[in-house]
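Peer 1: 74 is the number of the first residue of the sequence shown in our numbering; add one for each residue after it. C-beta atoms are modelled at their ideal positions from N, C-alpha and C, and glycine is treated no differently.
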Amino acid sequence: MFCEKCGKEIDGNMLVCGYCGHSIPHSQLSQNALERMHQNQRSDESLEINHNAVIRGAGFVLMGLGGVCDLISMTMIGSGSVETFSTLLIVGSVLFGLGMLLAFAFH
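1) Between which residues of its own chain and Val-167 is the CB-CB distance below 8 Å, once the five residues before and five after are set aside?
2) In three-state terms, what does DSSP make of Ser-154?
3) Applying the 10 Å Cβ sphere with the 16-neighbour rule, what's the burial state of Met-147?
4) By the three-class DSSP mapping on this structure, what secondary structure does Glu-82 have?
5) Phe-177 to Val-127, Cα distance in whole Å?
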């Protein structure tokens with residue numbers, strides 16, 4: 074088989090020309106190459122699903138950290154350390170909000 078673009082002879086099991094990188098048309102692919110292409114597509118879909126799960130998981134962790142910061146700041150009410158209280162409350166709220174965005178924006 075020969076590449077349509079560069080004209081060099083290529084192996085019939087290849088998905089792209091090893092010389093110029095041109096994609097081999099589906100009609101010219103061998104059965105083995107077609108099977109490999111479908112396996113690669115399934116792998117890509119699986120990786121995308123796993124990637125989204127990792128992002129969602131990180132979102133839940135951030136929500137937890139934000140909640141802990143908020144709880145700690147609430148225990149400081151009346152301690153006289155208004156700056157620490159307000160800083161922890163703001164940090165906790167931001168972490169919780171960012172966590173919600175990550176956890177629920179990716180399905």
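Peer 2: A quick look at the data gives this:
1) As a working mapping, residue 167 is identified with position 94 in the sequence shown. Within the same chain, Val-167 has close Cβ partners Gly-139.
2) Along the sequence shown, read from residue 1 onward, the residue named residue 154 stands at position 81. Of the three classes helix, strand and coil, the one that applies to Ser-154 here is coil, per DSSP.
3) Translated into the one-based positions of the sequence shown, residue 147 becomes position 74. Exposed is the call here.
4) Walking along the sequence shown from the start, residue 82 turns up at place 9. In this structure, Glu-82 counts as strand in the three-state DSSP scheme.
5) Locating residue 177 in the sequence shown gives position 104, counting from the first residue. Locating residue 127 in the sequence shown gives position 54, counting from the first residue. Their Cα atoms are separated by approximately 12 Å.
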